[in-house]
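Read through the structure below, which is laid out as structure tokens, and then see the notes.
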Amino acid sequence: MPIRNAEIAEFFKKVADLLEIDGANPFRVRAYRTAVRTISSLGHEISELIAHKDLTNLPGIGKELATKIKEIVATGRLSKLEELEKRIPPELHQVLKLPGLGPKKVKVLYDQLNIRSLPELEKAARREKIRSLAGFGKKSEERILEEIEQRGQGKERIQWIVGEKVAASFIEYLTAQPSVKQIDMAGSFRRRQETIGDLDILVSCDTPAQIMALFIRHEDVQRVIAQGNTKSSVILRGGMQVDLRVIDSQSYGAALHYFTGSQLHNITLRRLARQMGLKINEYGVFKEEQRIAGQTEADVFAALKLPFIEPELREDRGEIQAARQGRLPELVTQDDIRGDLHCHTDETDGHHSVEEFARAAAQMGYEYIGITNHSQHLRIARGLDPEGVKNLIKKIERLNQKLDDIVIFKSMEVDILKDGTLDLPDSILKELDFTICSVHSDFRLPRQTQTERLIRAMDNPYFTILGHPSGRLINQRAAYAVDLQRLIAAAAERGCIMELNANPDRLDLDDVHCKIAKEFGVQVAISTDAHWLGHLSYMRLGVNQARRGWLEAKDVLNTRGVEELRKYFRR
DNA sequence: GCCGTTTTCGGCCCGACTGTTTTCAGTCG
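Here the numbering used here = 1-based position in the first sequence + 6.
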């Protein structure tokens with residue numbers, strides 16, 4: 007079984023950790039971390055690229071790392087890592103993960119007290135052996151014990167939609183202060199990442215000290231990590247971290263850009279600035295000592311002779327180069343969306359009638375809605391048998407006569423069975439406008455078998471959209487083993503469509519594969535998979551993800567009108 | 001260890017906060 011990108015990245019992650027503890031050149035460490043990032047976000051399997059592509063064309067991969075990748079792919083081992091592990095215990099990397107302990111301190115703990123694991127660290131701290139080490143004191147010893155106790159609590163990245171509620175509460179709370187002139191969310195939240203580690207809030211106001219004091223008194227704050235004149239950090243009950251940064255109006259745009267990140271985007275942009283003889287920091291763009299931009303983000307980009315780059319693109323995945331070459335995508339927006347093609351009604355496991363869904367969709371300004379109930383194989387959802395489907399088709403046809411401001415598409419979410427056949431006979435499928443075909447069973451097939459199962463399903467002429475293509479549930483269940491890129495290529499050949507399921511637990515396709523679908527010319531259908539009317543609003547989450555995947559309106563199926571859709575449905 | 005419109009060597013993003021210090025190193029984002 008060929009080695010996966012995630013495994014190659016894991017090798018380099020370990021090397022970076024151990025090199026850091028070893029006191030290696032920090033830029034060398036960074037090179038390994040850059041490679042981890044490049045490899046993880048690739049979307050293509052390196053083990054497949056390796057035969058016909060020069061790996062040094064990948065950003066951050068040079069001759070040395072290319073050689074090491076080849077070694078890993080060929081042997082499943084990395085001699086560099088094995089050599090490091092002889093000198094430095096590999097378990098030390100869990101000590102390194104503890105907040106407040108970096109490579110230098112971990113090294114001291116290991117050299118002086120032979121601490122190589124968290125239990126050993128805890129024991130030493132309880133015996134008050136750490137406070138006397140150089141660079142440590144009573145407070146750092148207490149902090150270590152505190153962090154060990156809290157480890158695992160609320161450290162998981164949270165879904166964007168959960169962050170959205172907390173963000174709204176802080177914005178409302180701080181905006182009530184009249185001295186606040188500008189306020190924005192920054193960080194991964196603003197980049198609309200599917201999960202976020204913390205929340206970053208940026209404020210400009212006349213009374214920084216007062217805002218800081220107000221901030222740490224928010225009712226959800228459990229513990230204050232840091233409090234300064236311009237920057238404070240707190241932990242909320244439940245474990246989420248929130249950072250507040252206060253900045254002058256004249257630097258607001260530069261700070262918003264800086265705190266929006268991503269870090270790698272910032273590094274690449276700063277490197278570009280240096281090449282132009284400029285310097286960027288959170289206070290502005292500087293030529294010599296003089297600030298030449300900073301009030302708005304657009305000013306900052308303009309100073310670097312770049313058009314505005316949308317926050318969702320700022321991941322150092324080629325957006326800066328695209329901006330320089332004037333080929334940034336014009337990202338799809340919620341306003342471009344003309345309908346929702348995936349919802350479940352009370353015929354099966356949904357909680358509202360077809361008519362209720364249709365009227366709700368019309369009220370949202372949609373032109374159409376697709377009713378996609380489960381098929382018979384999915385017993386737990388009371389999936390429909392052929393007779394049930396026929397009845398539903400009749401009901402929808404009657405409603406289409408009655409309602410004149412919305413088109414209801416006759417559809418089903420059809421199970422893809424273990425052998426790749428579909429769960430309803432063609433004689434029924436041909437009566438539908440389109441199908442969503444999904445995997446709800448046999449998640450654990452080997453990668454190649456799973457991939458071929460899905461391609462076989464696509465061979466059915468009535469297959470339209472592949473539902474939640476990877477099957478992953480965020481923070482709950484990994485994707486099933488499947489070669490998504492091969493599926494996308496197969497979809498391109500057959501005129502099939504990939505779903506971007508907008509349910510906050512799914513967001514499936516992910517951003518990387520949206521971009522690959524676009525490169526293959528495969529349409530993406532952004533759908534909510536609604537079981538309640540309220541779920542129809544998940545569309546915004548799907549649009550967020552699509553934007554992160556560089557999709558434009560023309561790449562998204564449901565930005566098209568009814569007649570154009572029918573052409574796609576006919577393949 | 002990577003990279004090059006100035007460079008194949010010598011740089012590599014940049015600043016805030018904390019704790020342990022008597023002027024700063026380490027950590028973090």
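Built from N, CA and C at the ideal position, the CB exists for glycine as well.
Alpha carbon to alpha carbon, how far is residue j from residue i? Give it in angstroms, no decimals.
| i | j | result |
| --- | --- | --- |
| Q314 | I343 | For clarity, residue 314 is Phe in the given sequence; the question names Gln instead. Distance between the alpha carbons of F314 and I343 is about 23 Å. |
| E373 | L337 | 21 Å |
| P125 | E178 | 43 Å |
| M282 | R36 | 23 Å |
| H541 | I253 | 38 Å |
| T351 | H357 | 6 Å |
| Y38 | L127 | 27 Å |
| V248 | G169 | 10 Å |
| S47 | Q269 | 15 Å |
| S417 | R450 | 28 Å |
| V5 | D60 | What is shown of the chain runs 7 to 577, which leaves residue 5 out entirely. |
| K524 | D465 | 21 Å |
| R576 | R280 | 53 Å |
| K424 | S447 | 7 Å |
| F17 | D322 | 22 Å |
| K462 | D561 | In the sequence on display, residue 462 carries Arg and not Lys. R462 and D561: Cα-Cα distance of roughly 25 Å. |
| L506 | A387 | 21 Å |
| M246 | L115 | 29 Å |
| E147 | E155 | 13 Å |
Between the options, which lies nearest to residue i when the distance is taken from Cα to Cα?
| i | options | result |
| --- | --- | --- |
| F526 | N287, L84, G66, A495 | A495 |
| E200 | G567, L563, N481 | N481 |
| L205 | A215, V101, G193, D212 | G193 |
| A57 | S47, Y38, A80, E153 | A80 |
| E361 | I326, K436, L409 | L409 |
| K103 | A130, L64, N31, E26 | E26 |
| F195 | Q491, K171, D429 | K171 |
| I14 | V42, F33, G300 | V42 |
| S239 | I207, S255, Q216, D212 | I207 |
| G267 | R280, A279, E288, L278 | E288 |
| T565 | R576, R577, G548, H263 | G548 |
| D341 | L479, E353, M545, L84 | M545 |
| I222 | L180, R132, F292, K76 | L180 |
| Q454 | D421, A484, Q491 | Q491 |
| T274 | G259, R333, E325, K237 | E325 |
| I78 | P109, A12, D516 | A12 |
| R554 | D516, A366, G426 | D516 |
| I412 | E419, V395, I377 | I377 |
| P392 | E419, R404, A366, G371 | E419 |
| S185 | D212, L430, R198, I298 | D212 |
| T427 | R459, K69, G371 | R459 |
| G290 | R277, L278, D305 | D305 |
| G345 | I298, W166, A531 | A531 |
| G244 | A367, K573, G389, R163 | R163 |
| R157 | Q183, R137, Q100 | Q100 |
| I522 | A182, D489, R276, K92 | D489 |
| I375 | A498, A536, N63, I202 | A536 |
| N550 | V568, C520, T44, E91 | C520 |
| S53 | A30, I75, L119, G473 | I75 |
Since residue i and residue j are thought to touch, with beta carbons under 8 Å apart, how far apart are those beta carbons, to the nearest angstrom?
| i | j | result |
| --- | --- | --- |
| R228 | M218 | Checking the displayed sequence, the identity of residue 228 turns out to be Gln instead of Arg. In fact, because the Cβ distance is near 17 Å, the residues do not count as touching under 8 Å. |
| I434 | I471 | 17 Å between Cβ atoms; not a contact. |
| D190 | L262 | 6 Å |
| V21 | K110 | Going by Cβ atoms, the distance from V21 to K110 rounds to 18 Å, so no, they are not a contact pair. |
| L151 | A131 | 5 Å |
| L563 | I503 | 6 Å |
| Q317 | E558 | Looking at the sequence itself, residue 317 is Pro, so the reference to Gln does not match. That pair is no contact at about 16 Å. |
Buried or exposed for residue i, please, with buried defined as at least 16 other CB atoms from any protein chain shown within 10 angstroms of its CB.
| i | result |
| --- | --- |
| P96 | exposed |
| W556 | buried |
| W538 | exposed |
| Q529 | buried |
| F440 | buried |
| P467 | exposed |
| S257 | buried |
| T40 | buried |
| V230 | exposed |
| G106 | exposed |
| R320 | buried |
| G332 | exposed |
| I286 | buried |
| D28 | exposed |
*Return the chain-ordered ranges of every beta strand (DSSP E) run that is complete within the region 107 to 191 and spans a minimum of 3 residues.*
none
*Uninterrupted beta strand (DSSP E) stretches inside the region 420 to 475 (no shorter than 3 residues)*: 440 to 444
*Could you tell me which uninterrupted alpha helix (DSSP H) segments, each at least 4 residues in length, are contained entirely in the region 343 to 376, listed from first to last along the chain?*
360 to 369
*Counting only runs that start and end within the region 464 to 530, where is the beta strand (DSSP E) found for 3 or more residues in a row?*
503 to 507
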